[in-house]
Amino acid sequence: MFDEMEDVAEGGDGRFFNSVYIMADSGARGSKQQIRQLAGMRGLMAKPSGEIIETPITSNFREGLDVLQYFISTHGARKGLADTALKTADSGYLTRRLVDVAQDVIISEIDCGTLDGIESKAIVESGEIIEPLRDRIIGRVILEAVHDPFNGEVIAEANTEIGEDLASEIQEAGIEKVRIRSVLTCASRRGVCARCYGRDLATGKLVELGLAAGVIAAQSIGEPGTQLTMRTFHIGGTASRVSQQSTLESKHAGTARYEGVQLVEKKDRSLVVINRTGSLVIQDSKGRDRERYQLVYGANLQVRDGQDVEPGQTLVEWDPYTFSILTEQSGAVKFKDIIEGL
């Protein structure tokens with residue numbers, strides 16, 4: 112609802128100017144979910160057990176609910192109260208357990224001298240880069256010298272702390288993996304060393320001796336647990352569901368390449384993928400991979416191998432809600448040992 116409102120907004124910047132919209136858009140009070148329940152419909156409700164009740168509440172709070180709808184909505188209210196009472200204690204207990212385990216992890220020396228580390232690369236899910244390499248290596252210390260893959264020049268020496276500019280330079284050079292120091296491979300006899308830990312996010316500099324890194328980590332993991340518990344209470348027990356993705360779009364200009372893709376060309380010359388292990392890669396002018404997408408069985412390819420693509424161009428389309436069985440040959444269909452209706 113809010114997305115459609117933004118499309119037809121009166122202001123040129125895609126925003127309305129009224130009190131309800133301003134409250135939700137600013138983040139100060141209320142959310143899109145709550146305004147949907149006030150002006151749209153309450154929707155599907157969740158029981159205290161977590162199951163979704165099949166009958167949706169089609170009325171909103173402004174119109175008012177009838178007796179049955181009000182009764183169904185009490186399930187959601189109970190879920191909020193039950194979660195708040197039970198799970199807040201659980202998440203507090205989790206924080207205590209984490210602190211108990213990690214309290215000995217303190218910064219005990221500047222450099223442990225280890226030659227071990229871990230490999231860091233971008234987090235990619237279904238072809239989409241969720242967290243780029245740059246964001247993952249900022250503030251860490253390089254284990255081995257980083258070389259430009261094309262001319263062999265040294266971009267960064269070993270034991271260099273990676274700042275914002277250096278991280279951007281490494282990513283722009285087309286490097287996909289960097290070996291960095293990590294607390295998992297630190298060789299300190301007690302606690303961890305400053306170079307393996309990296310930057311202190313509070314100061315923006317290399318971490319100081321004596322910092323209680325373990326306790327900070329335990330609290331950082333435990334605290335969001337409490338916040339997530341409280342989220343149910345604010346929404347009021349409505350069930351939310353993420354819609355399935357059905358297209359892939361290019362984020363960079365480049366050339367499309369198929370890797371391990373088996374295709375069938377239909378009569379209308381459209382291409383359909385008939386295997387589950389193929390990938391579609393977008394390469395730049397130097398032949399470096401900028402994007403990589405795993406292809407879904409039965410997907411319709413909108414680009415051909417070697418075709419130039421523009422940013423925002425649709426590469427693949429598929430129906431996420433149907434299961435297809437595709438044939439490689441044209442011909443007549445014959446059923447065998449099948450009874451219709453069973």
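Residue numbers (our numbering): 112 to 453.
Backbone N, C-alpha and C fix where the C-beta goes; we use that ideal spot for every residue, glycine too.
All figures in this text were calculated on a predicted structure; none of them were measured in a lab.
- Sequence-distant Cβ neighbours of alanine 135 in its own chain, meaning closer than 7 Å and more than five residues away, are Gly141, Ser142, Lys143, Ile146.
- The beta carbon of aspartate 311 sits closer than 6 Å to the beta carbons of Val318 from its chain, once the five residues preceding and following it are set aside; these are given in chain order.
- Rounded to whole angstroms, the gap between the alpha carbons of leucine 155 and leucine 359 is 29 Å.
- If only complete runs of 4 or more residues are kept, the segment 213 to 269 shows the alpha helix (DSSP H) at 244 to 248, in order along the chain.
- DSSP places methionine 156 in the strand class (E or B) of the three-state scheme.
- For a cut-off of 8 Å, the C-beta gap from glycine 389 to tyrosine 369 is around 7 Å, short enough to register as a contact.
- Apart from sequence neighbours up to five positions away, the residues of its chain that approach arginine 153 with a beta-carbon distance below 6 Å are Ile168, ordered along the chain.
- C-alpha of alanine 139 to C-alpha of isoleucine 241: approximately 27 Å in a straight line.
- The closest CA to that of leucine 209, considering only Trp429, Glu376, Ile133, Gly325, is found on Gly325.
- By the Cβ-count criterion, glutamate 402 is buried, with 16 or more other Cβ atoms from all chains shown falling within 10 Å of its own Cβ.
- The alpha-carbon separation between glycine 315 and valine 420 amounts to approximately 39 Å.
- Following the DSSP letters along the chain, one finds serine 390 inside the beta strand (DSSP E) bounded by residues 390 to 394.
- In the DSSP annotation of this structure, valine 131 is not part of any beta strand (DSSP E); the continuous alpha helix (DSSP H) holding it starts and ends at 130 to 137.
- The C-alpha of valine 392 lies about 19 Å from the C-alpha of serine 381.
- In this structure, the CA atom of valine 444 is about 13 Å from the CA atom of isoleucine 436.
- Cα atoms of valine 257 and glycine 302: separation of roughly 28 Å, rounded to the nearest angstrom.
- The shortest C-alpha to C-alpha distance from serine 441 to any of Glu428, Gln424, Lys378 is the one to Lys378.
- Residue environment: alanine 313 is assigned as exposed (fewer than 16 neighbouring CB atoms within 10 Å of its CB, all protein chains considered).
- Below 8 Å, too few C-beta pairs join the segment 216 to 229 and the segment 277 to 287 to call them touching: fewer than three.
- By the CB criterion at 8 Å, isoleucine 248 and alanine 278 fall inside the cutoff.
- Counting only runs of 3+ residues, the beta strand (DSSP E) found wholly inside the segment 397 to 453 occupies 400 to 405, 425 to 428, in chain order.
- Across the structure, glycine 336 and aspartate 211 are spaced so that their CA atoms are roughly 17 Å apart.
- Shown here, threonine 166 sits in coil according to DSSP, grouped into three states, outside any helix or strand.
- Assignment of beta-bridge partners to glutamate 272 by DSSP yields Val252.
- The three-state secondary structure of leucine 382, taken from DSSP, is strand.
- For a cut-off of 8 Å, the C-beta gap from leucine 244 to glutamate 287 is around 7 Å, short enough to register as a contact.
- For the pair leucine 426 and glutamine 413, the CB atoms are nearer than the 8 Å cut-off.
- For the 8 Å CB-CB criterion, valine 384 and alanine 410 form a contact.
- Using a 10 angstroms sphere on the CB of valine 252, the tally of other CB atoms reaches 16 or more, which defines it as buried.
- Measuring C-alpha to C-alpha distances from arginine 189 to each of Val289, Gly365, Lys158 identifies Lys158 as the nearest.
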